Amino acid sequence: MSNLDRAPVPSVCGGRGFVVAEPVRELLSPRHVKLGEGTEVRRLLPNLGRRMIGAWAFVDHYGPDDIADEPGMQVPPHPHMGLQTVSWLHEGEVLHRDSTGSLQTIRPRELGLMTSGRAISHSEESPASHARFLHGAQLWVALPDGHRHTDPHFEHHTGLPMVTAPGVTATVILGDLDGSTSPGTTYTPIVGADLTLTADADVRLPLVPDFEYGVLAMSGEVHVDGVPVLPGSMLYLGCGRTELPLRAASDASVMLLGGEPFEEELIMWWNFVGRTQEEIVQAREDWAKGTRFGEVKGYDGDPLRAPTLPEAPLKPRGRVR
């Protein structure tokens with residue numbers, strides 16, 4: 004997934020200085036952003052109030068969109084470095100192509116996990132023949148310094164592990180939840196799970212006290228630790244929790260995102276995650292010259308051009324503004 008904002012705001016993320024060490028209930032409202040020709044997303048991270056949750060550094064929620072007579076998602080080839088992308092669908096299909104030669108259709112409740120490492124490029128599009136509705140989330144996970152120059156690769160996992168209890172079914176997308184572990188490759192202590200709740204469900208989910216957490220509402224009416232969270236919004240929960248109370252007024256679905264607070268400060272601009280302004284500048288130049296990020300073959304269209312870098316130098320501002 005690309006950040007298609009033509010004037011992306013650079014930010015320094017990470018570091019433990021702004022991690023909330025105790026449980027909180029901080030509601031994050033989305034920013035509406037156009038994605039390509041036909042898709043509008045609700046951006047939850049980075050947010051005016053918070054930039055990261057564990058290693059999760061970017062969260063977009065989109066749909067449900069009726070694309071029966073539309074092209075649907077059309078994101079041309081674009082570069083990434085220093086991160087992993089997570090594609091997660093509730094409805095529809097997304098065709099993924101990348102510069103390592105991967106070609107894969109991702110379907111609902113299947114994990115599409117791309118590790119950019121030092122450099123990769125990819126495209127995402129709704130297939131020519133696609134389902135009527137498109138609904139899902141696109142997320143980024145920041146890579147720690149020891150792994151951010153790794154070889155780029157793509158993983159596709161179906162049949163993910165599930166945790167069930169009366170009123171809730173949890174699909175483990177990344178990391179570990181209640182003893183069940185996703186096959187997706189991770190580089191920091193992290194968890195991502197999709198929770199399906201039945202109407203009138205009242206459950207408590209086990210959590211790791213050292214992790215910080217957030218809950219993204221995907222559909223339905225749900226209260227997270229007593230707070231109503233509407234679809235397309237996210238509740239930040241801080242650290243220090245051993246369990247999470249969830250109550251559904253209707254059939255509902257949420258995504259649980261969490262992890263050990265990310266210690267390293269990093270700069271995120273456009274589709275790049277680095278540590279210095281010089282790294283970001285070099286990455287932009289390499290993409291413009293057609294070097295380093297490889298070529299996405301088979302996409303019918305031109306690659307994205309990088310936006311102009313801001314005149315002001317990139318300055319650290321921590322995890323929150």
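All letters in the sequence shown, in the order written, are residues 4 to 324 by the numbering used here.
A virtual CB, placed ideally from N, CA and C, is assigned to each residue, including glycine.
Values in this document were obtained by computation on a predicted structure and should not be read as measured data.
Asked	Found
Burial state of Arg324 (16 or more Cβ within 10 Å)	The predicted model places Arg324 with a pLDDT of 46, which falls under 50 and marks its position as unreliable; any figure quoted below should be read in that light. So Arg324 counts as exposed.
Ala291 - DSSP class collapsed to helix/strand/coil	helix
Run of the beta strand (DSSP E) containing Ser90, from where it starts to where it stops	Leu86 to Glu94
Where Leu106 falls, given that 16 or more other Cβ within 10 Å makes a residue buried	exposed
Val225 - partner residues in DSSP beta bridges	Val232 and Ala251
Close Cβ partners of Leu307 (< 6 angstroms) along its chain, the five nearest in sequence each way excluded	Pro79 and His81
Secondary structure of Val166, DSSP reduced to three states	strand
Minimum C-alpha distance to Phe296 - residue among Ser119, Lys37 and Val211	Ser119
Per-residue DSSP class, three states only, for Gly57	coil
At least three beta-carbon pairs within less than 8 angstroms, the stretch 21–31 to the stretch 233–248	yes
Beta-carbon gap between Gly139 and Gly104 smaller than 8 angstroms	no
Same chain, Cβ closer than 8 angstroms to Ile123, five either side skipped, listed in chain order	Pro82, His83, Met84, Asp101, Ser102, Thr103, Met117, Pro155, Phe296 and Gly297
8 angstroms Cβ cutoff met for Gln87 and Glu128	no
Proximity of Arg185 and Val171 at Cβ, strictly below 8 angstroms	Looking at the sequence itself, residue 185 is Ser, so the reference to Arg does not match. No.
Sufficient close CB pairs (3 or more, under 8 angstroms) joining the stretch 159–166 to the stretch 185–198	yes
Short Cβ contact (8 angstroms threshold) for Leu260 with Leu208	no
Closest residue to Asp68 among Arg135, Ala58 and Leu146 (Cα-Cα distance)	Arg135
Burial state of Ala131 (16 or more Cβ within 10 Å)	exposed
Runs of beta strand (DSSP E) lying entirely within the stretch 83–150, each at least 3 residues, in chain order	86–94, 97–101, 106–109, 114–118, 123–128 and 136–145
Distance CB(Val89)-CB(Leu142) smaller than 8 angstroms	yes
Per-residue DSSP class, three states only, for Asp286	The displayed chain sequence assigns Ala, not Asp, to residue 286. Three-state DSSP puts Ala286 in a helix.
Beta-carbon gap between Gly178 and Thr188 smaller than 8 angstroms	no
Other residues of its chain near Trp59: CB distance less than 7 angstroms, five sequence neighbours each side excluded	Leu48, Leu142, Val144, Leu260 and Gly262
Beta-carbon proximity check, Val62 vs Met237, cutoff 8 angstroms	yes
Environment of Glu113 [buried if 16+ CB atoms lie within 10 Å]	buried
Simplified DSSP assignment, three categories, for Arg320	Residue placement at Arg320 is flagged as unreliable, the pLDDT there being 49, under the threshold of 50; a coordinate-derived value is accordingly withheld.
Leu312, DSSP secondary structure in three states	coil
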